[in-house]
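>
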Amino acid sequence: MVYTAETDPLCYPGTTVLRNILDIHDQAELDEFELALFLTRADEAFPAGDLDYPHYLALHRHLFQDVYTWAGEPRAIRIGKGGNWFCYPEYIDAEMHRIFEELSAANHYVGETAEIFAAGAAHILAEINAVHPFREGNGRTQLAFLAMLADNAGYGFDDDQLQRDRVMGAMIDSFSGDEAPLTRLIRDIIA
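Reading the sequence shown from the start, the letters are residues 1 to 191 in the working numbering.
1) With DSSP as the reference, please indicate the residues paired to L18 in a beta bridge.
2) Would you kindly work out how many angstroms separate the C-alpha atoms of A118 and Y155, rounded to a whole number?
3) Here's a check: name, in chain order, each residue in its chain whose Cβ is nearer than 6 Å to the Cβ of D158, leaving out the five neighbours to either side.
4) Please state whether DSSP places G80 in a helix, a strand or coil.
5) Based on the DSSP secondary-structure assignment, which residues constitute the bridge partners of W70?
6) What are the start and end residues of the alpha helix (DSSP H) that includes L51?
7) For D165 and A105, what's the separation of their Cα atoms in angstroms?
8) Which value, in whole angstroms, describes the spacing of the CA atoms of H108 and R187?
9) Measuring CB atoms only, is the region 76 to 90 touching the region 61 to 68, in the sense that at least three cross pairs come out at less than 8 Å?
10) Here's a check: name, in chain order, each residue in its chain whose Cβ is nearer than 6 Å to the Cβ of D52, leaving out the five neighbours to either side.
11) For L39 and A48, I'd like the C-alpha separation in whole angstroms.
12) Since G139 is in the alpha helix (DSSP H), which residue starts that stretch and which ends it?
13) Report all residues from its chain with a CB closer than 7 Å to the CB of E11; omit the five preceding and five following residues, and keep chain order.
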């Protein structure tokens with residue numbers, strides 16, 4: 001699904017193709033290279049940190065550094081998807097700090113049951129998704145962060161449970177306020 005956006009200085013003029021380090025102007029070709037480079041970086045060790053907002057930014061930078069010069073930087077334009085607008089850019093930093101303060105106050109769900117971890121992580125991911133801090137790569141960064149959060153809390157991460165339609169459906173439901181499908185997905189992932 002194509003994002004709705006204001007005039008975007010990050011796109012090549014007259015297109016919706018994001019400017020990229022590879023200077024690819026064709027969306028299908030960019031998607032292919034972006035995925036390949038993302039998968040390469042996702043197989044590497046993730047950056048160390050405190051599971052806070054700066055760590056989240058560093059994770060996005062790590063995953064997309066080979067594709068976008070702005071990797072790891074919050075977006076500066078308003079974007080939406082499927083008729084829904086995400087957090088306006090002027091509020092991104094404040095909202096992300098609030099979300100990560102909530103996560104820290106919950107001690108990153110360390111020592112919690114799988115059910116409490118799944119519900120808490122679902123809420124955090126739903127909040128991050130509603131903010132949608134990056135111009136591209138939000139979902140993949142959220143899932144990579146979930147893997148780090150699960151590991152930190154002593155849980156495994158079964159990425160075989162990451163079926164695209166199920167993940168997308170759960171994220172859309174959470175945007176509408178129903179976090180139950182996302183909680184069930186996370187519970188299945190950490191089992």
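By construction, the Cβ of each residue, glycine as well, lies at the ideal position given by its N, Cα and C atoms.
These numbers come from a predicted model, not from an experiment.
Taking the definition as stated:
1) C11
2) 10 Å
3) I189
4) strand
5) Per DSSP, none; premise fails for W70.
6) Segment: none, L51 is in no alpha helix (DSSP H) and carries neither H nor E.
7) 32 Å
8) 16 Å
9) no
10) F100
11) 19 Å
12) 138 to 152
13) As written in the sequence, residue 11 is Cys, which differs from the Glu given in the question. Once the five neighbours on either side are set aside, the close Cβ partners of C11 are V17, L18, R19.
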